[in-house]
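Reviewing the structure listed below.
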Amino acid sequence: MLHTTRRLAALVGCSLALSVTAAIAQPDADAIGSARGARIAVPMPADPADRPTLIYLAAGLSDEQLAELRTLAPNVRVLLAPSRQDAMQHAGEVQGVDGRFASPEFIAAAPHLSWVQSPSAGVDRYLGNKALMENDAIVLTNMRAVHGPAIADHAFAMLLTLTRNLREYERDQAAGRWGGDADGPRAVALQGKTMFVIGLGGIGAEIAQRAHGFGMRVIASRRSDAPSPDYIDHVGKPEDLLAMLPEADVVAVCVPLTPETRGMIDAKAFAAMKDGAYIINIARGPIVETDALIHALKSGHLAGACLDVTDPEPLPPGHALWSLPNVIITPHVASDAPQTQERWWALFRENVRRFGAGEPLLNTVDKQAGY
Numbered sequence: 002m003l004h005t006t007r008r009l010a011a012l013v014g015c016s017l018a019l020s021v022t023a024a025i026a027q028p029d030a031d032a033i034g035s036a037r038g039a040r041i042a043v044p045m046p047a048d049p050a051d052r053p054t055l056i057y058l059a060a061g062l063s064d065e066q067l068a069e070l071r072t073l074a075p076n077v078r079v080l081l082a083p084s085r086q087d088a089m090q091h092a093g094e095v096q097g098v099d100g101r102f103a104s105p106e107f108i109a110a111a112p113h114l115s116w117v118q119s120p121s122a123g124v125d126r127y128l129g130n131k132a133l134m135e136n137d138a139i140v141l142t143n144m145r146a147v148h149g150p151a152i153a154d155h156a157f158a159m160l161l162t163l164t165r166n167l168r169e170y171e172r173d174q175a176a177g178r179w180g181g182d183a184d185g186p187r188a189v190a191l192q193g194k195t196m197f198v199i200g201l202g203g204i205g206a207e208i209a210q211r212a213h214g215f216g217m218r219v220i221a222s223r224r225s226d227a228p229s230p231d232y233i234d235h236v237g238k239p240e241d242l243l244a245m246l247p248e249a250d251v252v253a254v255c256v257p258l259t260p261e262t263r264g265m266i267d268a269k270a271f272a273a274m275k276d277g278a279y280i281i282n283i284a285r286g287p288i289v290e291t292d293a294l295i296h297a298l299k300s301g302h303l304a305g306a307c308l309d310v311t312d313p314e315p316l317p318p319g320h321a322l323w324s325l326p327n328v329i330i331t332p333h334v335a336s337d338a339p340q341t342q343e344r345w346w347a348l349f350r351e352n353v354r355r356f357g358a359g360e361p362l363l364n365t366v367d368k369q370a371g372y
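Under this note's numbering, residues 2 to 372 are what the sequence shown spells out, in order.
Right, here's the structure in full:
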């Protein structure tokens, strides 16, 4: 529960961050969010004076944020609910709701519901919610790309900890010892190495950009045919995974968790990777088969693993991953940063404005694809 509590606290923490960042220029929501597949939740008249009042049920917003939303979207009445039980009392009147309240029971009691805003980028928690996922009248949006900069920084912090043997020097520092273990693994430079970004979405693109900055050759895979930055050498499709893995010195897993991606990094995928490769997983734990990962690490086939997510999660005491010297584990905290909160708020408030104006919502989720 600890990692879940931290993640929810970070999301709700955007309320507290507003008072600190109010005088700072807000991030550009249009630059952060995606207009791909954008949909209007409730059509509105062109004249603002003719627009009916919409009700959105939110969680964890400050008085300052509520005031800002009233200015941006005068016809959107934002209500707060401290719990799912309290949220149920408003189900019959709302047109929009925070995804944390959008249970099947809530949706069944909400005949006017047309918009669900996921507070996170991943929507795997909703995939089993048929009342939401099979209702075409409800637009589901997420926070894709909001967390990208912080997560990409975290990914490289973990990678560099392993490639530059920083743990060894941390032990030396704690012991007051100058030197290092001459028999330990030799440090690795990233320049000239190949980074394979699996899933060139909002987070994957940030990781690819940093890899390019380190002088790495960058290849990637994605489902869409959207244009990619010039510094990405090659972009393949998901079905090219096994053919592309042997090229990579570092593999970054950035795809959402869907039925198609669950377990996609399995024993066959690890066998396809080159000896001495590193893997980074900042997506979801079940995308990588844990037993196959442990075997690849213990055998020496992989040089190391950087894991902000695991399967199971939280990782229980005594699990084999904890004791492996070539693994670094953080408790699903890669997105933690004030910048993440600022970007979250910028995108959310823009979607509330668009909701009230009857404009297409950013980051509309393709329910069939699951992201």
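Cβ coordinates follow ideal geometry from the N, Cα and C atoms, glycine included.
Since the model is a prediction, treat every value here as computed from it, not as a measurement.
With respect to the beta strand (DSSP E) encompassing residue i, which residues constitute its N-terminal and C-terminal limits?
i	result
G237	I233 to G237
D99	G97 to D99
Q210	It is not in any beta strand (DSSP E) - Q210 instead sits in the alpha helix (DSSP H) that spans G203 to G214.
F373	Because the chain is modelled from 2 through 372, residue 373 falls outside the range shown and cannot be assessed.
R263	Element bounds for R263: n/a, residue is neither H nor E.
A268	Per DSSP, A268 belongs to no beta strand (DSSP E); it is in the alpha helix (DSSP H), A268 to A273.
H108	Sequence inspection shows Ile at residue 108; the His mentioned does not correspond to that position. Looking at the DSSP string, I108 is not in any beta strand (DSSP E); the run it does join, the alpha helix (DSSP H), is P105 to A109.
L81	V77 to L81
I330	V328 to I330
A221	R218 to S222
Mind reading off the beta-carbon distance from residue i to residue j? Whole number of angstroms is fine, and I expect it under 8 angstroms.
i	j	result
V117	G100	5 angstroms
V310	H296	Between H296 and V310 the Cβ distance is about 19 angstroms, and since that is not below 8 angstroms, they are no contact.
N327	A304	6 angstroms
R40	V140	5 angstroms
W165	A188	It is worth fixing the name first, because residue 165 is Arg in this sequence and not Trp. Confirmed, Cβ separation roughly 5 angstroms.
A244	A268	Actually they are not in contact, since the Cβ atoms of A244 and A268 sit about 17 angstroms apart, beyond 8 angstroms.
M298	I33	The sequence shown places Leu at residue 298, rather than the Met named in the question. 35 angstroms between Cβ atoms; not a contact.
G93	A110	6 angstroms
Cutting at 7 angstroms between CB atoms, please list the residues of its own chain near residue i, excluding the five before and the five after it.
i	result
V353	Y57, L70, L73, A74 and V77
A88	L58, A82, F102 and F107
R145	S35, A122, G202, G203 and N364
I25	Bear in mind that the predicted position of I25 carries a pLDDT of just 45, short of 50, making it unreliable; the figure below should be weighed with that in mind. Excluding positions up to five away in sequence, the list is empty.
P186	N166
P120	L12, D99, G100, R101 and M144
Between which two residues does the alpha helix (DSSP H) harbouring residue i extend?
i	result
A176	L167 to A176
R145	Neither: R145 is in no alpha helix (DSSP H) and is coded neither H nor E.
I394	An answer regarding residue 394 cannot be provided, because it is not within the stretch 2 to 372 covered by the chain.
R85	R85 to M89
H296	T291 to K299
M245	L242 to M245
A132	K131 to M134
To which residues does DSSP link residue i through a beta bridge?
i	result
L67	Paired residue(s): none; L67 is not in a bridge.
G61	For G61, which the question treats as bridged, DSSP gives no partner whatsoever.
Q369	In the DSSP output, where bridge partners are listed per residue, Q369 has none listed.
W116	G97 and V140
D304	Note that residue 304 is Ala in the sequence shown, not Asp. A304 is not bridged to any residue.
N282	V254 and L308
R386	One cannot answer for residue 386 here, as it falls past the ends of the chain, which runs 2 to 372.
I56	R78
Between residue i and the rest of its own chain, which residues show a CB-CB distance below 6 angstroms, the 5 nearest in sequence each way excluded?
i	result
K275	P247
T22	Unreliable positioning characterises T22 in this predicted model, as indicated by a pLDDT of 39, which lies under 50. The coordinate reading is nonetheless provided below. If we look at T22 and ignore the five residues flanking it on each side, its Cβ neighbours are E343.
V124	N143 and V366
E351	A30
L201	A221 and R223
C307	M159, L160, I281 and I329
S229	V236
V289	I266 and N282
G264	E290
P257	G123 and Y372
S192	One point to set straight first is that residue 192 is Gln, not Ser, in the sequence displayed. Closer than 6 angstroms at the Cβ level, and outside the excluded window around Q192, lie G216.
T1	Any property of residue 1 remains undetermined from this structure, which presents the chain solely from 2 to 372.
T262	V256 and I288
Leaving out five residues before and five after residue i in sequence, what residues of the same chain have Cβ atoms less than 8 angstroms from its Cβ?
i	result
A151	A335, S336, D337, A338, Q340 and T341
A370	R224 and T259
H91	I56, L58, L80 and A82
S115	A42, V43, Q96, G97, A138, I139 and V140
R355	P361, L362 and L363
W323	L316 and I330
Given 8 angstroms, three or more beta-carbon pairs between the segment 272-282 and the segment 148-165: Touching, per the Cβ criterion.
Meets three-Cβ-pair contact criterion under 8 angstroms: the segment 251-258 and the segment 196-209: Yes, they touch.
Inter-stretch contact at 8 angstroms, needing at least 3 Cβ pairs: the segment 215-226 / the segment 184-204: The segment 215-226, when compared against the segment 184-204, does touch it at the 8 angstroms Cβ threshold.
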